[in-house]
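**Student:** First, the structure itself, so that you have it in front of you.
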Amino acid sequence: MKITRSRRTSGARIARVALLLAVSLAIPGCPGDEGDACRADTECGSGLFCAGPDDPPVCGIPPREECAVDADCAPGGEVCHAIGDGCSPDGLGSECGPPCTATSCAPGLRCGSGGACEPVPCDEGFACPSHLRCDPVAAHAGGAMSARTQGCAVIPCTGDTACPAGGACVDGGCQSGPGTCREEFAVP
-17 MKITRSRRTS
-7 GARIARVALL
3 LAVSLAIPGC
13 PGDEGDACRA
23 DTECGSGLFC
33 AGPDDPPVCG
43 IPPREECAVD
53 ADCAPGGEVC
63 HAIGDGCSPD
73 GLGSECGPPC
83 TATSCAPGLR
93 CGSGGACEPV
103 PCDEGFACPS
113 HLRCDPVAAH
123 AGGAMSARTQ
133 GCAVIPCTGD
143 TACPAGGACV
153 DGGCQSGPGT
163 CREEFAVP
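Quick note on the numbering used here: the sequence shown kicks off at -17 and runs consecutively.
Quick look at the structure:
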């Protein structure tokens, strides 16, 4: 009799475990933990956000924007140059300096007719990453030197199929792959 009761108890346990497993698979997924793959903030747990692999880094210091136009620089021939700046959302900042030469500007920049390093427009030789598209209007927009770009623009999307091969739709824009749930933190 004990054997029969043990088998019944064992069978009941198996049935309960199977039921719990079935219910857990039927319930929509819980928000992801830190480090889990994601495509939107809603897929991440409380206090986490979905960071795409191509999102700009979080720096903690303001972008380097020393000047907007040549008039912001010291008199005597200095001009306002575009420079690479990892803390700027678009990767470009600005600084004053002497006029450039054909070889003095950083990669992705060229010496413009006014003697200042400026972004090479995507429709004039700069190659945008595969998850972005060339927007000639943005590439030739004027304004503050630190606001100028090569013209590479985010491809809007609602799913991975709208993105180039191997890409993923993260927070409504194509990226080179899926995002990762990361902790939100305040940057001074």
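A virtual CB, placed ideally from N, CA and C, is assigned to each residue, including glycine.
1) Do Ser86 and Glu48 have their CB atoms nearer than 7 Å?
2) By DSSP, does Leu7 sit in helix, in strand, or in coil?
3) Do you know offhand how far Arg130's Cα is from Asp72's?
4) For the ligand ATP, is there any heavy atom lying closer than 6 Å to the beta carbon of Pro81?
5) When you compare each of Val40, Gly148 and Ala84 to Ser158 by their alpha carbons, which one comes out closest?
6) Does Val51 come out as helix, strand or coil in the three-state DSSP assignment?
7) Under three-state DSSP, which class holds Glu165?
8) Quick one, are the C-beta atoms of Cys110 and Cys134 less than 7 Å apart?
**Tutor:** Walking through what the data contain:
1) no
2) Note on Leu7: pLDDT 36, under 50, position unreliable in the model; the coordinate value appears next. Helix.
3) 9 Å
4) Looking at this structure, you won't find the ligand ATP or any other ligand, since it has none at all.
5) Gly148
6) coil
7) Strand at Glu165.
8) yes
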